[in-house]
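Numbering (the numbering used here), first residue to last: 377 to 659.
Positions of the beta carbon are idealized from the N, C-alpha and C atoms, including for glycine.
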Amino acid sequence: MLGFQQSLFRMETQQHQRDVDVAFIRRRLQAVLERERAERDDIAGLTEFLVALRQTPEYSAAMSQAEPLVSVRIASYARTQELMEVAIPSVLAQTYQNFELIIVNDGPNENTRRAVERLNDPRVHYEEFPARHSYPEDAHARWMVAGSPGMNRGADLAKGTWIAPLDEDDSFAPDHIEKLLKLAHSREVELAYGALRQINLANGDEKLIWSYPPAISQFSFQGAIYLRLLNGGFRYDQASWLVEEPGDWNLIRRMRLAGVTMAATEDVVGIMNQVPYTHKPVD
377 MLGFQQSLFR METQQHQRDV DVAFIRRRLQ AVLERERAER DDIAGLTEFL
427 VALRQTPEYS AAMSQAEPLV SVRIASYART QELMEVAIPS VLAQTYQNFE
477 LIIVNDGPNE NTRRAVERLN DPRVHYEEFP ARHSYPEDAH ARWMVAGSPG
527 MNRGADLAKG TWIAPLDEDD SFAPDHIEKL LKLAHSREVE LAYGALRQIN
577 LANGDEKLIW SYPPAISQFS FQGAIYLRLL NGGFRYDQAS WLVEEPGDWN
627 LIRRMRLAGV TMAATEDVVG IMNQVPYTHK PVD
C-alpha cells in the first residue's frame, strides 16, 4: 500500500511539473507574440500619420462633401457565379448611386473577366494580378489573410472619397451606402459601420455580427465605409497570421489604437455568406 501511495505521489508531482512547464512555455510564446505584434503595428507611426492627415486640405474637403463618390472594393478569386449573382447585383441596386465598383482578381481568371466585361457598365472596373499570390499552407493561417493583396490593391485604385469593402460571395443591404454615409456625416467620423447577418452555408446557422467598439469576430469591414485617405497609412497586413489575427480584425484594431474616429449602428447593412475554412478547398 505504501508503495502505491509513493508511486501516486511521484505521478502527481511529475504532472504538476509538466503543468508548470507548459504554463511557462505559453507565457514565453505570448510574450514573443506580443512583441511581434507591437513591432508590426507601429501604432506610434500610424498615430502620427493620422494627426498629419487631419491637417491637410484634402481631409477637410473629404469630410465636408455632401454626396461623395464611394468606391466599392471587391477582392475576388474563383467564385465567378457568386460575384455575378450575389455581390455585384447588391451593389448595382444601392439606393445611393454615386459609386464606382472596383474588382481585383487574385490571378488570371478568364471567366470572371468576361463576365464583368459583359456588364458593360462604366462604373465597374476590373483588374487581375498576373499570378495568384502565395499563402500559408495551413488552412487556418491561409483563411486569415486570403485576398488581402487584392483588398490593398482595390483601395489603391479607388478614386472615391469613401471606400466600402465587400467580398465576392456576400451582399450589401439596399441602403448600405446611403445609411453609412449618413451616419459618418452626422457624427463627423472617419469610419462608420453597421451589423451584418452571417449565414453559415455549411449548417444553415445564422448570427448577428456587431459590437461597439469593434471586437474580434464581431466586426467585418464588409459592414463599414471609411475615408479613402486612411489608406495612406492603414493597410491590410498580408502576414497578420504571424500574430494569429484575421486581416479585418488586425486592421480595425490598429485603427482603433491609432485613434481613427468611428460610429456604429445596430441596423443590419449586409449579409455574410460564411464558408468555414475547414470546408474550403486548398488552392
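Counting other Cβ atoms within 10 Å of its Cβ, L556 reaches 16 or more and is therefore classed as buried.
According to DSSP, G646 shares a beta bridge with F548, L572. The Cβ atoms of G646 and G580 lie no closer than 7 Å to each other. Counting the other CB atoms within 10 Å of its CB gives S596 a total of 16 or more, which places it among the buried residues. For A522, same chain residues with a beta-carbon under 7 Å away, outside a window of 5 residues either side, are Y511 in chain order. Per DSSP, reduced to three states, the secondary structure at V636 is coil, with no helix or strand assignment. Annotated as distal: G526 and V462, with beta-carbon spacing of 7 Å or more.
N481 is bridged by DSSP to S452, E504.
DSSP, reduced to helix, strand and coil, places S596 outside both helices and strands of the structure shown, so it counts as coil. With fewer than 16 other Cβ atoms from the protein chains shown falling within 10 Å of its own Cβ, V427 counts as exposed. Going by beta carbons, V500 and L533 fall outside the 7 Å limit.
By the criterion of a C-beta distance shorter than 6 Å, Q441 is surrounded in its chain by T537, once the five residues flanking it on both sides are discounted.
Shown here, D543 sits in a strand according to DSSP, grouped into three states. With contact defined as three or more Cβ pairs closer than 8 Å, the segment 565-574 and the segment 629-647 are in contact. Separation of W617 and L633 (C-alpha to C-alpha, rounded to the nearest whole angstrom) is 19 Å. By the neighbour-count definition (other C-beta atoms within 10 Å, threshold 16), N528 is a buried residue. Taken in chain order, the unbroken stretches of alpha helix (DSSP H) that lie wholly in the segment 419-445 and span 4 residues or more are 419-429, 433-440.
Under DSSP, no beta-bridge partner is assigned to E564. DSSP places E621 outside both helix and strand once states are collapsed to three, so it counts as coil.
About 7 Å separates the Cβ atoms of I575 and M648, confirming a contact at the 8 Å cut-off. Sixteen is the threshold: when 16 or more other Cβ atoms of the shown chains lie within 10 Å of the Cβ of P541, as they do, the residue is buried.
The beta-carbon distance between E504 and G530, rounded to whole angstroms, is 12 Å. This is too long to meet the 8 Å contact definition.
Assignment of beta-bridge partners to K583 by DSSP yields Q574. When the five nearest sequence neighbours on each side are left out, the beta carbons in the same chain lying within less than 8 Å of the beta carbon of Q470 are those of F548, P550, D551, H552, I553, E554, in order along the chain. For G526, the uninterrupted alpha helix (DSSP H) segment begins and ends at 524-533. Our two residues, M460 and V492, have alpha carbons roughly 8 Å apart in a direct line. Secondary structure note for H516: its alpha helix (DSSP H) is the uninterrupted segment 515-521.
Minimum Cα-Cα distance from R629 among the listed residues P589, D514, R449, A615 corresponds to P589.
R490 and I464 have their alpha carbons spaced roughly 14 Å apart.
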